[in-house]
Amino acid sequence: MLTLRPKQTTSLTTRDGIRLDADLYQPEGDGPYPVLLMRQPYGREIASTVVYAHPEWYAAHGYIVVIQDVRGRGTSEGDFHLFIHEVEDGIDTINWAAQLPGSTGEVGMYGFSYQGMSQLYAASGKPKALKTLCPAMIAYDFYADWAYEGGAFCFASNLGWALQLAAETARLKNDAIAHQILYNASRNLPVHGLEPRLDETLRKYCPDAFYHRWLEHPELDEYWQALSPNLDAVDLPMLHIGGWFDPYLRGTLRWYHELAGRSSYPQHLIVGPWAHLPWGRKVGELDYGAAAASPIDLMQVNWFNQFLKGQDTGRLEMPPISVFEMGSNRWRSLAEWPKNSTKSYYLSSTGLANISDKEGFLIETAPPNESMDRWVHDPWRPFPALGGHVYSPFGACDRSLLDCRTDTVTYTSEPLTEVMCILGEAIVEVYCQASTQSFDLSAILSEVKPDGRVYNFTQGYLCVTEPQNPLKLYLQSTCIQLPIGSSLRLSLSGACFPAYPVNPGTGQSPGQTRLIDAQVITFSLQSGSTYPSRICLPLESSF
Numbered sequence: 001m002l003t004l005r006p007k008q009t010t011s012l013t014t015r016d017g018i019r020l021d022a023d024l025y026q027p028e029g030d031g032p033y034p035v036l037l038m039r040q041p042y043g044r045e046i047a048s049t050v051v052y053a054h055p056e057w058y059a060a061h062g063y064i065v066v067i068q069d070v071r072g073r074g075t076s077e078g079d080f081h082l083f084i085h086e087v088e089d090g091i092d093t094i095n096w097a098a099q100l101p102g103s104t105g106e107v108g109m110y111g112f113s114y115q116g117m118s119q120l121y122a123a124s125g126k127p128k129a130l131k132t133l134c135p136a137m138i139a140y141d142f143y144a145d146w147a148y149e150g151g152a153f154c155f156a157s158n159l160g161w162a163l164q165l166a167a168e169t170a171r172l173k174n175d176a177i178a179h180q181i182l183y184n185a186s187r188n189l190p191v192h193g194l195e196p197r198l199d200e201t202l203r204k205y206c207p208d209a210f211y212h213r214w215l216e217h218p219e220l221d222e223y224w225q226a227l228s229p230n231l232d233a234v235d236l237p238m239l240h241i242g243g244w245f246d247p248y249l250r251g252t253l254r255w256y257h258e259l260a261g262r263s264s265y266p267q268h269l270i271v272g273p274w275a276h277l278p279w280g281r282k283v284g285e286l287d288y289g290a291a292a293a294s295p296i297d298l299m300q301v302n303w304f305n306q307f308l309k310g311q312d313t314g315r316l317e318m319p320p321i322s323v324f325e326m327g328s329n330r331w332r333s334l335a336e337w338p339k340n341s342t343k344s345y346y347l348s349s350t351g352l353a354n355i356s357d358k359e360g361f362l363i364e365t366a367p368p369n370e371s372m373d374r375w376v377h378d379p380w381r382p383f384p385a386l387g388g389h390v391y392s393p394f395g396a397c398d399r400s401l402l403d404c405r406t407d408t409v410t411y412t413s414e415p416l417t418e419v420m421c422i423l424g425e426a427i428v429e430v431y432c433q434a435s436t437q438s439f440d441l442s443a444i445l446s447e448v449k450p451d452g453r454v455y456n457f458t459q460g461y462l463c464v465t466e467p468q469n470p471l472k473l474y475l476q477s478t479c480i481q482l483p484i485g486s487s488l489r490l491s492l493s494g495a496c497f498p499a500y501p502v503n504p505g506t507g508q509s510p511g512q513t514r515l516i517d518a519q520v521i522t523f524s525l526q527s528g529s530t531y532p533s534r535i536c537l538p539l540e541s542s543f
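Residue numbers (full-length UniProt numbering): 1 to 543.
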């Protein structure tokens with residue numbers, strides 16, 4: 001580890017005359033050293049240390065580390081508009097960083113979430129000095145990977161993020177009252193309706209009013225196409241980083257698969273058992289063991305040593321995919337993303353699957369007899385969100401109490417007689433109708449322990465505006481080993497609030513909906529040989 005100089009704060013001026021401030025961490029001596037760049041909107045002192053080692057740690061490995069406040073954040077000049085300036089500002093920053101004294105002229109970038117997105121926007125401009133990226137937990141398609149899931153607005157996460165960004169704007173303007181209002185709201189998320197003072201404050205301080213604008217665009221349109229980065233011409237070696245309980249895993253996997261299929265450079269992927277943050281061994285209520293502690297800092301240093309210093313780290317001789325298998329709590333290496341065979345479990349019921357978790361079944365062959373389950377969604381007491389990738393506490397949580405509610409139907413397999421390994425995207429296909437033209441459907445897949453505890457491990461959501469059967473819900477990709485003696489359970493409900501807003505049943509978008517208009521919705525789910533409702537599991541036999 002190298003000795004470091006004292007931290008230095010320095011600035012650059014963008015092409016349109018805006019000063020952007022950054023902290024520099026660098027080794028003593030003349031170098032030259034490659035540059036590692038992170039651009040972020042939360043105040044550069046934080047430097048994403050919620051998931052990464054401190055920048056000094058990276059600098060001590062022989063790098064000039066630049067942590068920059070994006071435009072309009074921290075002490076940087078200008079107005080902050082969500083992602084609008086990240087292409088040009090990213091290019092200007094990379095060109096500036098490549099010319100820092102002691103720099104080799106080559107730049108790599110790292111960071112997660114917004115900091116991951118800032119990498120993609122900068123790369124879309126193809127600056128010559130940018131040589132490699134380590135994007136973590138990002139969106140490829142902003143509509144489908146970030147703001148909406150299955151056509152449903154990601155209510156709690158979008159509102160929470162809007163409050164965080166608005167509070168930072170109020171702090172920068174030294175508006176203590178507004179900052180306190182927004183801080184309080186973020187600690188007690190106002191999901192049951194924004195009171196006028198908070199809504200006014202949010203509209204004033206939410207940068208470029210993205211939250212309200214996202215509500216105004218409930219379908220994929222030109223707005224989302226313009227917001228998403230244009231990555232068609234991007235081709236660099238990348239280390240892609242995701243988590244099984246991260247809400248943006250869809251984007252991470254989508255970008256990895258797209259680039260791995262066409263890139264002329266190495267593309268590596270690692271997915272741990274983590275939520276958006278932190279990246280540790282315990283997620284939700286389960287401890288995945290010492291192996292689940294984040295290896296990302298060491299992996300990134302090796303990656304940058306390979307592509308910025310030309311060192312043979314052995315990384316390229318390793319399989320490009322590393323996934324954490326929950327249950328066995330081990331890392332697995334793959335040469336490619338498996339094209340797994342699927343195993344179907346069919347839904348069967350006595351008609352009382354909403355009354356008792358002993359009355360709905362997952363069986364391996366389609367039942368010869370038809371069955372019908374009905375349940376009622378009441379907007380006064382919508383089915384609550386718990387864990388998974390959608391709501392705090394993120395991760396696996398014991399949901400046995402929720403599965404006892406009568407506004408959900410549960411289907412459970414017999415205890416497994418063989419170990420089951422699931423890797424990939426499970427798909428739920430159900431013949432389901434509702435008493436309203438528009439409705440939502442939530443699907444959660446869980447492991448039922450022999451002692452009755454029920455731990456979710458993947459889920460999906462669908463906003464239905466044009467009913468057709470069977471309905472298909474694509475669950476979040478996962479990797480888990482279920483042991484002998486455990487059972488598999490599918491839980492279905494008409495809401496997952498406040499992860500997603502309550503569907504009023506009127507066909508109106510969330511931004512147009514009035515609470516008073518929300519309707520009681522009756523669901524009917526058919527199963528049997530004529531209506532083979534089922535779940536298709538991607539099984540990994542080689543594990």
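Just so you know, even glycine gets a beta-carbon here, dropped at the ideal spot from N, CA and C.
For residue i, does the three-state DSSP call read helix, strand or coil?
i	result
Q519	coil
G327	coil
C463	strand
E447	strand
K131	strand
W337	coil
F543	Residue placement at F543 cannot be trusted, given a pLDDT of 46 that sits under 50; the coordinates are not used to answer.
H54	coil
N469	coil
N302	helix
D440	strand
Below 8 angstroms on the Cβ atoms is my contact criterion, and I expect residue i with residue j to pass it. Report the Cβ-Cβ distance as a whole number of Å.
i	j	result
D141	R254	7 angstroms
S395	G284	Per the sequence shown, the amino acid found at residue 395 is Gly instead of Ser. Yes, G395 and G284 are in contact; Cβ-Cβ is about 3 angstroms, under 8 angstroms.
C496	F383	6 angstroms
CB-CB under 8 angstroms to residue i, same chain, minus the five flanking residues each way: which ones, in chain order?
i	result
M1	A60 and H61
R489	D357, L362, D403, T410, Y411, T412, S413, L445, S446, E447, V448 and V454
Q99	G105
S264	D235
D398	E285, R453, V454 and Y455
Distance check for residue j and residue i, CA to CA, integer angstroms please.
i	j	result
R374	L286	33 angstroms
I355	D221	41 angstroms
A385	G314	43 angstroms
V271	M318	15 angstroms
W303	L239	7 angstroms
A178	A170	6 angstroms
Y110	L130	12 angstroms
D30	M117	32 angstroms
C421	G242	20 angstroms
F543	F324	Low per-residue confidence applies at F543: pLDDT is 46, beneath 50, and the placement is therefore not dependable, though the value from the model is reported in the following sentence. Approximately 12 angstroms, taken between the alpha carbons.
H217	W146	13 angstroms
S328	L482	8 angstroms
L133	L189	34 angstroms
S529	G505	30 angstroms
N95	Y42	23 angstroms
L12	F210	27 angstroms
C206	I84	14 angstroms
Which residues in the same chain have their Cβ closer than 7 angstroms to the Cβ of residue i, if we skip the five residues on either side of it in sequence?
i	result
V351	The residue asked about is misnamed: residue 351 is Gly in this sequence, not Val. S371, M372 and D373.
S477	L249, L253, G424 and E425
A293	G280 and R281
F523	R374, W375, H377, C432, A434 and G494
F457	M326, A396, L445, S446, E447, T478 and I480
E45	none
D16	none
D92	L12, T14 and R15
For residue i, I'd like the list of residues in its chain whose CB is within less than 6 angstroms of its CB, leaving aside the five on either flank, ordered along the chain.
i	result
A47	P55 and I67
E429	P470, K472 and R534
G78	I18, R71 and G72
V520	D378
Q26	R5, A59 and I64
For chain D, find out if any of its Cβ atoms is closer than 9 angstroms to the Cβ of residue i; answer yes or no.
i	result
D145	In the structure shown, chain D does not exist; there is a single protein chain.
Taking only runs that begin and end inside the region 3-29, name each unbroken alpha helix (DSSP H) of 4 or more residues, in chain order. Those alpha helix (DSSP H) runs which fall completely within the region 3-29 and span 4+ residues do not exist here.
Segments of 3+ residues assigned as beta strand (DSSP E) that fall wholly inside the region 351-427: DSSP runs (the beta strand (DSSP E)) wholly in the region 351-427: 360-363, 371-377, 408-412 and 420-424.
At which residue ranges does the region 247-295 contain complete alpha helix (DSSP H) runs of 4 or more residues, listed in the order of the chain? DSSP assignment within the region 247-295 yields the following whole alpha helix (DSSP H) runs of 4 residues or more, N-terminal first: 249-260.
Considering only residues of the region 480-526, which uninterrupted alpha helix (DSSP H) runs meet the minimum length of 4 residues and lie entirely inside it, listed in chain order? Runs found: none.
Ignoring anything shorter than 4 residues, give me the alpha helix (DSSP H) runs that lie fully in the region 63-104, in order along the chain. Within the region 63-104, the complete alpha helix (DSSP H) segments at least 4 residues long are 86-98, listed from N- to C-terminus.
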